[in-house]
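S.K.: The following block contains the structure, expressed as structure tokens.
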């Protein structure tokens, strides 16, 4: 009863204050960030003062037991709007209810600006001032975005948490990156939106929500992002069944609607032209090209096993990060000509074709590859006679036959003809080769991988009954459209060699962009330690090298 009486004593003046019967001189506490947290460079033009708050803390200190949040016209501000409703008076209550203590409010630290989640969400990638959160901290990264090494991919996280994205790109989890981010801190998430001091799991975005279902026969290395190789049964046919085509995703699969998708082409002059998917299909001649796509890390696990003391960095692919398909689309050179590029004399500033995908992945190839009438670079919208699946770039993908698959950008939305390579990290700090002795590579001095070297692998072994021969099958492939003309096999550790039978596969295209399948019969014996050595030969008669002594720290072939 003493507590209830004391509560009524404090509530009467507050109710009079709310109806204008009593004036008050509140003890104010404005919660805001310091100027140094508004932006990293105090004194510069772009220094933005902290957001003005329209709320005040009114503390009635007669007993120190009641705190009420007041806003303009008694409306709660967006930053803190979960203050408790005033309790009813019990003076005239016939049947008083059991008394409960007022709800305890979260502790707010002095000098800290707090933001509600609704306000943070309004600062998404399309807003003038994009914000992100990390943990419970809030950051205005507007001025950081242009310098972000990953480009505008960070916009996907704006209006929400960085944490699920940095779990994907673990390169960010370093002290120096954290220190840079702290320069852009503007406050903290309101304690009202936290559970046990953390964001509820339901409020953290799932960037992979639009990912499609995959065939369970794929051999999955990572689930988010999905990276999965083709199983043995998918490596046997000349054309890989689409559901078994290997999946290499650097990020999530972006949700894209075909009737809303467009491709923008920018020329060195600054001229731009935009095409819808229907424009490409109706205005240009359609071509079909048979091309094998191979990840640069294919057979990286073989390299790791060959040099276990050194190892390799990256996904440990076996022999299934490679597949072959028929791709249907229009030639990029035809579209560039329509956009205004002079194919015969493109100019000194036209050296590279930069590609950008809808999920912000980007890469580039030399423009000479595009302009080559036999280069067969396609803007593809079909795969194996059907529309592109989501995992393989629906609705539009560039296909660069003979080059590393990393240049065949999926979910293509922009092409820029430029005097320099793509500035993305995947072009400048990835997909490059270094010698086995290089532990700390200088990325700026190594050329980007384009055409792939010759490689081969065994994909199936059929063991007969005792005394019979072992049937071995596999593939051989070389980039650059160089045809495989011979595969040599040794079962005695390289002492003698015999030729495998090449299967009579022929694809479509100006050059041999596809793999060759081969088969060989060997007796179930030999002094090669149970191993079968392969030596594929290309049209230019350059033998492939053994893995040991020829690997790099990045594990690229």
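Numbering (our numbering), first residue to last: 40 to 596.
The C-beta atom is built at its ideal place from N, Cα and C for all residues, glycine as well.
For clarity, every value in this text was computed on a predicted model and none was experimentally measured.
Would you mind stating whether residue 513 and residue 497 have Cβ atoms separated by less than 8 Å?
M.R.: In this structure, residue 513 places its C-beta atom within 8 Å of the C-beta atom of residue 497.
S.K.: Taking 8 Å as the threshold (C-beta atoms), are residue 375 and residue 409 in contact?
M.R.: yes
S.K.: Thinking just about the alpha-carbon of each residue, which of 484, 155, 363 is nearest to the one in residue 545?
M.R.: Nearest option by C-alpha distance: 363.
S.K.: Could you check if residue 404 is buried or exposed, using at least 16 other CB atoms within 10 Å of its CB as the buried criterion?
M.R.: buried
S.K.: Under a three-way DSSP split, which group does residue 82 fall into?
M.R.: Residue placement at residue 82 is poorly supported in this model, since its pLDDT is 35, which falls under 50; the coordinates still yield a value, given next. Reduced to three states, the DSSP call for residue 82 is coil.
S.K.: Which residue spans inside the region 493 to 541 form an unbroken beta strand (DSSP E) run of at least 3?
M.R.: 494 to 501, 508 to 516, 523 to 529
S.K.: List in chain order: all unbroken alpha helix (DSSP H) runs of 4+ residues lying wholly within the region 301 to 370.
M.R.: 316 to 322, 339 to 345
S.K.: Specify, as a first and last residue, the run of the alpha helix (DSSP H) that residue 468 falls within.
M.R.: Per DSSP, residue 468 belongs to no alpha helix (DSSP H) and is neither H nor E.
S.K.: Could you name the residues that DSSP lists as bridge partners for residue 572?
M.R.: 529
S.K.: For the region 352 to 371 against the region 319 to 330, do three or more pairs of beta-carbon atoms, one drawn from each stretch, fall closer than 8 Å, so that the two count as touching?
M.R.: yes
S.K.: Whether or not the region 335 to 351 and the region 245 to 252 are in contact is what I'm after, with contact meaning three or more pairs of Cβ atoms, one per stretch, closer than 8 Å; do they touch?
M.R.: no
S.K.: Does residue 234 pass the burial test, meaning 16 or more other C-beta atoms within 10 Å, or should it be called exposed?
M.R.: exposed
S.K.: Within this structure, are the beta carbons of residue 508 and residue 487 separated by less than 8 Å?
M.R.: At least 8 Å separates the beta-carbon of residue 508 from that of residue 487.
S.K.: Taking the alpha-carbon positions, what's the residue 89 to residue 481 distance?
M.R.: Since pLDDT at residue 89 reaches only 39, below the 50 mark, its modelled position is unreliable, and no value is offered.
S.K.: Residue 638: buried (16+ other C-beta within 10 angstroms of its C-beta) or exposed?
M.R.: With the chain running from 40 to 596 in the structure shown, residue 638 is simply not present.
S.K.: Can you tell which of 400, 407, 401 has the C-alpha that lies nearest to the C-alpha of residue 384?
M.R.: 407
S.K.: Do the CB positions of residue 293 and residue 388 come within less than 8 Å of each other?
M.R.: no
S.K.: Taking all protein chains shown into account, do 16 or more other C-beta atoms lie within 10 angstroms of the C-beta of residue 542, making it buried, or fewer, making it exposed?
M.R.: exposed
S.K.: Between residue 257 and residue 283, is the Cβ-Cβ spacing less than 8 Å?
M.R.: yes
S.K.: Span of the beta strand (DSSP E) holding residue 410?
M.R.: Note, residue 410: premise wrong, no beta strand (DSSP E); alpha helix (DSSP H) at 406 to 410.
S.K.: Nearest to residue 350 by CA position, among 330, 475, 174, 310, is which residue?
M.R.: Per the Cα distances, 475.
S.K.: Which same chain residues, not among the five before or five after residue 425, have their C-beta less than 8 Å away from its C-beta?
M.R.: 281
S.K.: What separation, rounded to the nearest whole angstrom, lies between the Cα atoms of residue 191 and residue 400?
M.R.: 9 Å
S.K.: In whole angstroms, what is the alpha-carbon distance linking residue 492 and residue 228?
M.R.: 52 Å
S.K.: Could you check what DSSP says for residue 291 in three-state terms: helix, strand or coil?
M.R.: coil
S.K.: For residue 153, which residues does DSSP report across the bridge?
M.R.: 227
S.K.: Using 8 Å for Cβ pairs, my map puts residue 337 next to residue 494. What's the rounded Cβ distance?
M.R.: 7 Å
S.K.: Secondary structure at residue 381, three-state DSSP: helix, strand or coil?
M.R.: coil
S.K.: CB-CB under 8 Å to residue 613, same chain, minus the five flanking residues each way: which ones, in chain order?
M.R.: This structure does not reach residue 613, given that the chain is present from 40 up to 596, and the question cannot be answered.
S.K.: With H, G and I counted as helix, E and B as strand and the rest as coil, what does DSSP make of residue 463?
M.R.: Under the three-state reduction of DSSP output, residue 463 falls in the coil class, being neither helix nor strand.
S.K.: Under a three-way DSSP split, which group does residue 487 fall into?
M.R.: Here residue 487 carries a strand assignment [DSSP, helix/strand/coil].
S.K.: Just to confirm, is the Cβ distance from residue 625 to residue 452 under 8 Å?
M.R.: In the structure displayed, the chain extends from 40 to 596; residue 625 sits before or after that span and is not available.
S.K.: If you follow the beta strand (DSSP E) that residue 205 is in, where does it begin and where does it stop?
M.R.: Run containing residue 205: none in the beta strand (DSSP E); it sits in the alpha helix (DSSP H), 202 to 207.
S.K.: To test your reading of the DSSP string, which unbroken alpha helix (DSSP H) runs of 4 or more residues are found completely within the region 151 to 185?
M.R.: Segments of the alpha helix (DSSP H) lying fully in the region 151 to 185: 156 to 161.
S.K.: Between 519, 226, 183, 212, which lies nearest to residue 149 when the distance is taken from Cα to Cα?
M.R.: 226
S.K.: Pull up the DSSP beta-bridge partners for residue 401, would you.
M.R.: Paired residue(s): 395.
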